[in-house]
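Reading through the structure tokens given below for one structure.
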Amino acid sequence: MGVPCVRVPREAGEETRQRLAEANLVDDGYDITVADGQLYVPVTDSTAVPSDLTVVEADPPVREGQTMPADALDFDPSYERIGDVAIVDDDDDERAQAIADAIIDSDLPVRAVLNRASKVKGEQRVRDWDVLAGDGTEVTHREYGCTFDLDLAEVYFSPRLATERHRVSEQVNEDERAFDMFAGVGPFVIPFAKRGATCVGTDINETAIEYLRANAERNGVSNRVTGICGDVREVAGEYEGWADRVVMNLPHSADEFLETAVRLAADECVLHYYDIQHENDLFGPGERAIRAAAEPAYDVTVETRHTVRSYAPKEHNVVLDVRLTR
20 MGVPCVRVPR EAGEETRQRL AEANLVDDGY DITVADGQLY VPVTDSTAVP
70 SDLTVVEADP PVREGQTMPA DALDFDPSYE RIGDVAIVDD DDDERAQAIA
120 DAIIDSDLPV RAVLNRASKV KGEQRVRDWD VLAGDGTEVT HREYGCTFDL
170 DLAEVYFSPR LATERHRVSE QVNEDERAFD MFAGVGPFVI PFAKRGATCV
220 GTDINETAIE YLRANAERNG VSNRVTGICG DVREVAGEYE GWADRVVMNL
270 PHSADEFLET AVRLAADECV LHYYDIQHEN DLFGPGERAI RAAAEPAYDV
320 TVETRHTVRS YAPKEHNVVL DVRLTR
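Remember, the working numbering sits 19 above the position in the sequence shown when you count from 1.
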């Protein structure tokens, strides 16, 4: 079974490696190799690699002297890493424990292994975890030059959205005013603030907002980030007509908050609207909902229709970048 690798011309190798490292995507269990003028950088999650990079399967050597979890098992285990914690998703308790033991006994820089014990649930979008090895559920995650502390058992966070967050943050200009309606621990507002934007993030999860404020301090942008615990619909009145950019990353029910997003919008505002839809009509429901909420007070221009990732059979997580002009 091949290993997913980013393939780039050798002369672009170091720049690409640094870019992937900032996104925490380099798989340090394998060597980076060169063949026929092309560099192959092993990656941990091919779905999170930026779309402008080419991912191929290759057979890089295991880093010399480094033991991997598969070395102790009779199968190639599936797991992902966030910070120094490994996450497995296996309903077979014995198999999950065997994977955890193999990970801990390997040379991977992992201090704990967790198994997903429930789906994301409730208003605060958290899940239950079984701690299979090590201690605790708090992690430090790094992506694209930002550092985030968080507790996986207390807040919602998806490392697989790193590339999408970076795509959006690259659009942010200095001196913008940006509002994240469901901000979590700050993975949108903190990179926005690092680009010079003034940011407000709201969330109903008090623990998430505490982490957001601490992460803003840690990343040196606390003077440009305001974290507010509460329902954004109750907060919006203080920021009516304020936002040049609004993020709505609540894909199962963002449509219920569109009237609030329109209240937040300045005379010109870019709205990033996330949705889960069937492949037969990925973008239509979201666009119709946005137009119903914003028109005729605003002209609505869809600038980007983008599929973020597969969510379920025939369903996809998508985003609409929409410009509202009063």
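In this text, a Cβ means the ideal position worked out from N, Cα and C, and glycines have one as well.
As the structure is a prediction and not an experimental result, all values here were calculated from the model.
Less than 7 Å between C-beta atoms, sequence neighbours within five positions excluded: which residues of the same chain meet that for residue i?
| i | result |
| --- | --- |
| Gly249 | Thr221, Ile223 |
| Ala131 | Val104, Val150, Ala152, Gly153, Asp154, Gly155 |
| Asp318 | Thr344 |
| Leu39 | Val25, Val45, Val60, Val62 |
| Glu142 | Ile223 |
| Val240 | Ile209, Ala212, Lys213 |
| Ala273 | Met267, Tyr292, Tyr293, Asp294 |
| Asp286 | Arg345 |
| Gly102 | Val158, Thr159, His160 |
On the DSSP letters alone, give me the boundaries of the alpha helix (DSSP H) that residue i sits inside.
| i | result |
| --- | --- |
| Asp194 | Unbroken run through Asp194: none, as it is neither H nor E. |
| Thr86 | No alpha helix (DSSP H) contains Thr86, which DSSP labels as neither H nor E. |
| Pro304 | 303-313 |
| Arg36 | 32-41 |
| Ala119 | 112-124 |
Counting only the same chain and skipping the five closest in sequence on each side, list residues whose C-beta sits under 8 Å from that of residue i.
| i | result |
| --- | --- |
| Val22 | Asp46, Tyr49, Pro61, Glu76, Ala77, Asp78, Pro79 |
| Leu269 | Met200, Phe201, Phe276, Tyr293 |
| Arg29 | Val53, Gly56, Gln57, Leu58 |
| Ala312 | Leu277, Glu278, Ala280, Val281 |
| Val74 | Pro23, Cys24, Val25, Arg26, Val62, Ser65, Val68 |
| Thr35 | Val25, Val27, Leu58, Val60, Leu72 |
Hey, quick one: how far does the beta strand (DSSP E) through residue i stretch, first residue to last?
| i | result |
| --- | --- |
| His160 | 157-162 |
| Ile51 | Segment: none, Ile51 is in no beta strand (DSSP E) and carries neither H nor E. |
| His185 | From DSSP, His185 is part of no beta strand (DSSP E) but of the alpha helix (DSSP H) over 181-188. |
| Thr344 | 334-344 |
| Gln296 | 284-297 |
| Asp170 | 165-170 |
| Gln57 | 57-61 |
| Ser97 | Per DSSP, Ser97 belongs to no beta strand (DSSP E) and is neither H nor E. |
| Val68 | Counting along the chain, Val68 falls outside any beta strand (DSSP E), and DSSP gives it neither H nor E. |
| Val145 | Segment: none, Val145 is in no beta strand (DSSP E) and carries neither H nor E. |
| Tyr330 | 318-331 |
| Pro23 | 22-28 |
| Ala105 | 104-107 |
In chain order, what residues of the same chain have a beta carbon less than 6 Å from the beta carbon of residue i, not counting five sequence neighbours either side?
| i | result |
| --- | --- |
| Gly246 | Gly220, Ile228, Leu231, Arg232 |
| Arg282 | Ala255, Glu259 |
| Gln57 | Arg26 |
| Ser177 | none |
| Asp71 | none |
| Arg342 | Val289, Thr320, Glu322 |
| Ile51 | Val60 |
| Ala181 | Ala42, Ala67, Glu162 |
Report the CB separation of residue i from residue j in whole angstroms; it is logged as a contact under 8 Å.
| i | j | result |
| --- | --- | --- |
| Tyr163 | Pro210 | 6 Å |
| Leu92 | Ala119 | The pair is not a contact, with the Cβ atoms about 11 Å apart (cut-off 8 Å). |
| Arg144 | Lys138 | Actually they do not touch by this definition, with Cβ atoms about 10 Å apart. |
| Asp340 | Val289 | 6 Å |
| Thr159 | Asp168 | 5 Å |
| Glu99 | Val338 | Going by Cβ atoms, the distance from Glu99 to Val338 rounds to 22 Å, so no, they are not a contact pair. |
| Asp112 | Thr86 | Not really, about 24 Å apart at Cβ, beyond 8 Å. |
| Ala115 | Asp109 | 4 Å |
| Thr217 | Arg243 | 5 Å |
| Thr226 | Val174 | 6 Å |
| Asn234 | Gly205 | 5 Å |
Does the ligand ADP have even one heavy atom less than 7 Å from the beta-carbon of residue i?
| i | result |
| --- | --- |
| Ala284 | With respect to small molecules bound, the structure shown includes none, and the ligand ADP cannot be examined in it. |
**Prompt:** At what residue ranges does the stretch 210-268 contain a whole run of the alpha helix (DSSP H), taking only runs of 4 or more?
**Reply:** Qualifying alpha helix (DSSP H) stretches, in chain order: 225-237, 251-254.
**Request:** State whether the stretch 82-92 contacts the stretch 183-200, with contact taken as three or more CB pairs (one from each stretch) at a distance under 8 Å.
**Result:** With the cut-off at 8 Å, the stretch 82-92 and the stretch 183-200 do not touch.
**Asked** Taking three-plus beta-carbon pairs below 8 Å as touching, is the stretch 296-311 in contact with the stretch 271-286?
**Response** In this structure the stretch 296-311 touches the stretch 271-286; the number of beta carbon pairs closer than 8 Å is three or more.
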